[in-house]
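Top line first, the protein sequences correspond to chains A, B, C and D. For what it's worth, my numbering labels the leading residue of the first sequence as -9, then goes sequentially. For what it's worth, my numbering labels the leading residue of the second sequence as -9, then goes sequentially. For what it's worth, my numbering labels the leading residue of the third sequence as -9, then goes sequentially. For what it's worth, my numbering labels the leading residue of the fourth sequence as -9, then goes sequentially. The C-beta atom is built at its ideal place from N, Cα and C for all residues, glycine as well.
4 protein chains.
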Amino acid sequence: MERTEKNTIAVAFIGLGAIGEPMAKHLAEPPFQLAVWNRTREKADAFGKANDARVAATPADAARGSDFVITCLPTSYDVEALLEGSEGLLAGLRSGSTLVDCTSGEPGVSRAIAARLAERGIRFLDAPVSGGVSGAERGALTVMCGGAEEVFEQALPVLRSFGEKVVRCGPVGAGHALKSVNNMLLAINLWSAGEGLAVLAKAGVDIDAALGVINASSGRSNVTETLVPERVVTRAFPRTFRLALLAKDAGIAAAVAREQKVPSPLMQLASELYRVAHTELGDLADHAEVVKVIEKWAGVEIS
Amino acid sequence: MERTEKNTIAVAFIGLGAIGEPMAKHLAEPPFQLAVWNRTREKADAFGKANDARVAATPADAARGSDFVITCLPTSYDVEALLEGSEGLLAGLRSGSTLVDCTSGEPGVSRAIAARLAERGIRFLDAPVSGGVSGAERGALTVMCGGAEEVFEQALPVLRSFGEKVVRCGPVGAGHALKSVNNMLLAINLWSAGEGLAVLAKAGVDIDAALGVINASSGRSNVTETLVPERVVTRAFPRTFRLALLAKDAGIAAAVAREQKVPSPLMQLASELYRVAHTELGDLADHAEVVKVIEKWAGVEIS
Amino acid sequence: MERTEKNTIAVAFIGLGAIGEPMAKHLAEPPFQLAVWNRTREKADAFGKANDARVAATPADAARGSDFVITCLPTSYDVEALLEGSEGLLAGLRSGSTLVDCTSGEPGVSRAIAARLAERGIRFLDAPVSGGVSGAERGALTVMCGGAEEVFEQALPVLRSFGEKVVRCGPVGAGHALKSVNNMLLAINLWSAGEGLAVLAKAGVDIDAALGVINASSGRSNVTETLVPERVVTRAFPRTFRLALLAKDAGIAAAVAREQKVPSPLMQLASELYRVAHTELGDLADHAEVVKVIEKWAGVEIS
Amino acid sequence: MERTEKNTIAVAFIGLGAIGEPMAKHLAEPPFQLAVWNRTREKADAFGKANDARVAATPADAARGSDFVITCLPTSYDVEALLEGSEGLLAGLRSGSTLVDCTSGEPGVSRAIAARLAERGIRFLDAPVSGGVSGAERGALTVMCGGAEEVFEQALPVLRSFGEKVVRCGPVGAGHALKSVNNMLLAINLWSAGEGLAVLAKAGVDIDAALGVINASSGRSNVTETLVPERVVTRAFPRTFRLALLAKDAGIAAAVAREQKVPSPLMQLASELYRVAHTELGDLADHAEVVKVIEKWAGVEIS
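Rendered as structure tokens:
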């Protein structure tokens, strides 16, 4: 990899959403030299002004001259859609550079993108993150990577700018597969905790006592330790991670399971339940709000 | 409650199984005065000798003169079966005494037992425990109780002898309901982790890396933090908690859900999957071995 | 069995509901001598007037002097509730008479009722029916019986008055078990046809053509041949058999499956889906209306 | 469409399997002029000799000069794989001719194939069949077609040679969607009948009586009327339609449901159960043998 300038790493960041924006901020300082692009131009302009970063007119423009292009978009299809055309990433990416896709995407699509890029000598790493907005702000995300060992190592300085735990877990697509499974476990742990606590609430069991016991016992999970006490029992339901996205991720995990021919009744059923919940609660609901569907069906409130 | 002697609490312990025996040991010292009974007499004799406790000839004999009778048996039906007859607990239990049932039992059966006891002025507390053999040995169990506040408070000295976190969570049956739901969450978290990790293993994802990431992320649970790394990945599968018992507990939770008219597709499906696994793996298998059924179906080993 | 009068069979009919009333009419003629009782007295009075039958003041009064008492009630618990007390059936039933329970009931409760009756020398036959209101009117019901061969044979004249296909299928409870499984198959065939047709409708497949093909192929069932074309596609949804009752029957089949320790993921999941649909659609909805829940989730109409 | 000769229709038949061979026979007589191709050349040679048909050396050779090319292969991917290359169908198909795909295939793949053909002026009709070997022999298949009205009408003489009920049910892919849903209903009706009858068998209900009752009642289906009495109860299990293929079809239906965003818990779970059964029973098992998995789990035989 040739660098644009000694010790400087040229990075383009595509997608300044809730997670993307605080991630990009960590790349707005030396040794990084940052260009940004966002579908809604205003966001990019504001970011550029606040962080002294170049605001690119097109994805191609952002990619031009970059050592690394980072994408952080809703789906793999959004990444795919930015590749082609005179304004697309491929028109700007140079041989030897790397596309780091932080989207919570699909392994199969990533493998196709990687193959397309390889034709031009461009490298690919899928690198979805977990840790939420606050993790992104603190540069403390977990980054799970899929790609060649060498590509991963070269990208480490970039990944470590926003990541605390940065792990290579397999070939291209492995990061996306792992992220989808992690989120499927979250989805299942959440739905089953909802069912179980609704049962206990109707049976007259004190929910705070129940959570205390479960969290000292074998049934505990991140959901019972954090999500339920902070968001459900308080009825706060802050909108930090949309149900629509968790439903999408659960769908990806279910698809990978089918692709791998792994019988997975729980994952497949859970994916359908999230599809139902998404239909019932709409596009803006937070993921923790699925509990409201269970509560409606049960005729009880978990609190 | 009148005490047999100033400051002494007379306790009978019924059921010296894997968990019951180390629990009973904490009651073999002052201020407790302990009698024990076990279906297999040899176990009781050995315990009596080692701990200087009275070995009762029958449940009635154990109960006679006791302030508290503690039962720790496989199922609520075993408790029910010990009540009646000339050698049964009812023949020995005196008015004002308390039956503390530490069995992982059924709320409905417990309510029936409590009603039967109430006719004779005997109190009832369901008080199942979690924490395993090691928690029992260290006197560090979590004890989840169902029963009247007053009955709970009076039983506290006994419960604290083996319990670190002792909680009253509702009326009679609440302890059993909570224990069953905790174990159902364990069952679901375990099965779904098995499905998800089998998918990742087949997709070429490094399992240690995957666990590291999940345990730093939103999908983590006691299962991914403890059970899978210690028992599955190592292929150790120590036999500490039988699948047959977890399947029973899952069945209880599913039954409570139906009783409470809570639609619970995940819990009901999970209960069936554990029924299948129990059939496939037999009565002696440890609960973590359910993963082997998933592995067989998937054609992969999680390691 | 002694008869009240040569060639005359004294029958009491308890429960003049949608199915019960047209059944009872067939017993209002010689050789039968009919007494009726109904919770809502007005219904019994109107029936008595129209059919020249004795209207009993209480269940006991109806049972008194009867060779056969027929119950046709919503649930086994309703039958159980009519047994005891000074006005209950047991106060009127004489030794040697037979209780024929046409309720779509529960095998376990029926076994308990049979045992209670046997103490008094009274026989029991569970004899649920299928064929709907029109089958009842035409005396063309299918009657599935559980009980001793001898009891069944003696009851044949009564059963044939309203039944065309009258079958003994096993011991006490067998009729109820079979009825519940039949209705569970109806429930599953209906729900899966709803899912499948919703998919086809969204995919732009002509539904009439689809039904024509399915009904000439391996996927056909009573649901696709009758229920869907007559009730769903026409949007008629006549209220002939309440969803609440089908959900109850599905619940019974699911319970029998668990009692028999048969892993039954499809039946258990279907039972939960009907619980959800019942919650969504309320107590008055017809069973075919479950399709509306699927349609709402899918965002399409099957027509 | 120009014809090779007045009143003669030139047809190529690709895939002389269990269903394909008897279908092709109906096209070996005037007005049809038949060429055949089969992966295993010996089969094609034997067919050509017995039916006086031209045996083509390659798919391209078969297609050359044909008005219609009929494919009848295991999966859509097999059809796709025969298109390209110097020996592929595209090398032989002429503009204005029609590819009729009788494979039980995938709507999405068919739409892609249709688009590829359209570039060359070749038409496409998906036309999967039902009715089995005997239906194929008698020319009495049901043929469900997806494609333009005009393409369908022109293909009718060919389709009617082996089809009794020939229906156009929508655009390209509609035939494959419908076939998959029909087979999914078969799959679900079969599995649920297996569960229900296993329950009844364990509960001591006479299975012949049970089938008699169900088949006179609302729970009846092609499965209970035909498949179970003829194949399961008799323990004959003839191998006529492989479980592997039904599992594939169920998987297609489940995929179409997801593509259409229809929440479909029963279909998704059924698809997983067939995946498990396929793993347990292997590639050669007949579809009715799935009952053996249920029987093993239940510990009972349905007979």
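Under the three-state reduction of DSSP, which class applies to A:Leu89: helix, strand or coil? DSSP places A:Leu89 in strand when its eight states are reduced to three.
According to DSSP, simplified to helix, strand and coil, what is B:Val59? It is a strand residue.
Beta-carbon of B:Pro97 versus every beta-carbon of chain C: anything under 7 Å? Chain C, which has no Cβ nearer than 7 Å to the Cβ of B:Pro97, makes this no.
Would you say D:Trp287 faces chain B, with C-beta separation under 7 Å as the test? For D:Trp287, at least one C-beta of chain B is nearer than 7 Å to its own C-beta.
Run down chain A in chain order and give the residues with a C-beta less than 9 Å from the C-beta of D:Ser254. Within chain A, the residues near D:Ser254 are Glu262 and Arg265.
Counting only Cβ pairs nearer than 7 Å, list the residues of chain D close to C:Pro161. Chain order gives the chain D residues near C:Pro161 as Gly194, where near means a beta carbon separation below 7 Å.
Which value, in whole angstroms, describes the spacing of the CA atoms of A:Ser85 and A:Pro64? Here the alpha carbons of A:Pro64 and A:Ser85 stand approximately 26 Å from one another.
Any C-beta of chain B sitting closer than 7 Å to the C-beta of C:Leu259? The C-beta of C:Leu259 comes closer than 7 Å to at least one C-beta of chain B.
Report the residue from D:Ala193, D:Phe114, D:Val162 and D:Met134 whose alpha carbon sits nearest the alpha carbon of C:Lys169. Across the set D:Ala193, D:Phe114, D:Val162 and D:Met134, the C-alpha of D:Ala193 shows the shortest separation from the C-alpha of C:Lys169.
Let me confirm a value: B:Arg(-7) is counted as buried when at least 16 other C-beta atoms fall within 10 Å, else exposed. Which label applies? Caution is warranted here: a pLDDT of 47 is assigned to B:Arg(-7), below 50, making its placement in the model unreliable, and the coordinate value is therefore given only provisionally. Counting every other CB atom within 10 Å of its CB across the protein chains shown gives B:Arg(-7) a total below 16, marking it as exposed.
Taking C-alpha atoms, which residue in D:Leu187, D:Val280 and D:Ala188 lies nearest to D:Arg229? Cα-wise, what sits closest to D:Arg229 is D:Val280.
Host alpha helix (DSSP H) of B:Phe295 (start-end): The first residue shown for chain B is -9 and the last is 293, placing residue 295 of chain B beyond what the model contains.
Neighbour-count burial assignment, C:Ala40, 16 or more Cβ in a 10 Å radius: So C:Ala40 counts as exposed.
Three-state secondary structure (DSSP) at B:Arg110? Residue state, collapsed to three classes: coil.
Could you name the residues of the same chain whose beta carbon sits closer than 7 Å to that of D:Met(-9), not counting the 5 residues immediately before and after it, in chain order? At D:Met(-9), the pLDDT of 44 sits below 50, so the modelled position is not reliable; the number obtained from the coordinates is stated separately. Answer for D:Met(-9): Asp57, Gly86 and Gln144, listed in chain order.
Under DSSP, the alpha helix (DSSP H) around D:Ile204 begins and ends at which residues? Secondary structure note for D:Ile204: its alpha helix (DSSP H) is the uninterrupted segment Ile197 to Ile204.
Could you give the uninterrupted runs of the beta strand (DSSP E) lying entirely in the stretch 131 to 173 of chain B, keeping only those of 3 residues or more? Taking only runs of at least 3 residues, the beta strand (DSSP E) segments lying wholly in the stretch 131 to 173 of chain B are 131 to 136 and 153 to 160.
Is B:Val290 helix, strand or coil when you go by DSSP? In the structure shown, B:Val290 sits in coil (DSSP, three-state: anything other than H, G, I, E or B).
Work out the CA separation of C:Gln23 and C:Val45 for me, nearest whole Å. Answer to the nearest angstrom: the Cα atoms are 12 Å apart.
Can you look up C:Ile103 in the DSSP assignment and give me helix, strand or coil? In the structure shown, C:Ile103 sits in a helix (DSSP, three-state: H, G or I).
Closer than 7 Å at the beta carbon, the chain B residues around A:Arg210: Under the 7 Å cutoff, chain B gives Ser211 and Asn212.
At a Cβ threshold of 7 Å, is C:Lys282 touching chain B? No, no contact with chain B.
Cutoff 6 Å; reference C:Ala275; Cβ partners in own chain excluding five residues on either side: The answer, listed in chain order, is Leu233.
At the 7 Å Cβ level, is C:Thr269 part of the contact set with chain A, yes or no? Using beta-carbon distances, C:Thr269 counts as an interface residue toward chain A, with a partner under 7 Å.
With DSSP as the reference, label D:Ala2 as helix, strand or coil. Here D:Ala2 sits in strand by DSSP.
Assigned secondary structure, B:Leu24 (DSSP; H/G/I helix, E/B strand, else coil): In the structure shown, B:Leu24 sits in a strand (DSSP, three-state: E or B).
Taking its Cβ as the centre, do 16 or more other Cβ atoms sit within 10 Å of C:Asn173, making it buried, or is it exposed? Buried: at least 16 other Cβ atoms inside 10 Å.
Helix, strand or coil for C:Ser211 per DSSP? Strand at C:Ser211.
Cut-off 6 Å between Cβ atoms - residues of its own chain near D:Thr132, not counting five sequence neighbours on either side: Result list for D:Thr132: Ser120, Gly121 and Lys155, in chain order.
Quick one: list the residues of chain A neighbouring B:Met174, beta-carbon separation under 8 Å, in chain order. One finds Ser182, Gly186 and Gly209 in chain A with Cβ atoms closer than 8 Å to the Cβ of B:Met174, taken in chain order.
Determine, using beta carbons only, whether C:Val90 comes closer than 7 Å to chain D. Closer than 7 Å: no.
Contact with chain B by A:Arg(-7), beta-carbon distance below 7 Å: Any reading at A:Arg(-7) needs caution, since the residue's pLDDT is 47, under 50, leaving its predicted position unreliable; the model's value is listed next. Under the Cβ criterion of 7 Å, A:Arg(-7) is not counted among the residues facing chain B.
If you compare alpha carbons, which of A:Ser100, A:Arg110 and A:Pro219 is closest to A:Ala81? Minimum Cα-Cα distance from A:Ala81 among the listed residues A:Ser100, A:Arg110 and A:Pro219 corresponds to A:Arg110.
Terminal residues of the continuous alpha helix (DSSP H) containing D:Val218? From DSSP, D:Val218 is part of no alpha helix (DSSP H); its letter is neither H nor E.
Which value, in whole angstroms, describes the spacing of the CA atoms of C:Glu220 and D:Leu259? The alpha-carbon of C:Glu220 is positioned some 28 Å away from that of D:Leu259.
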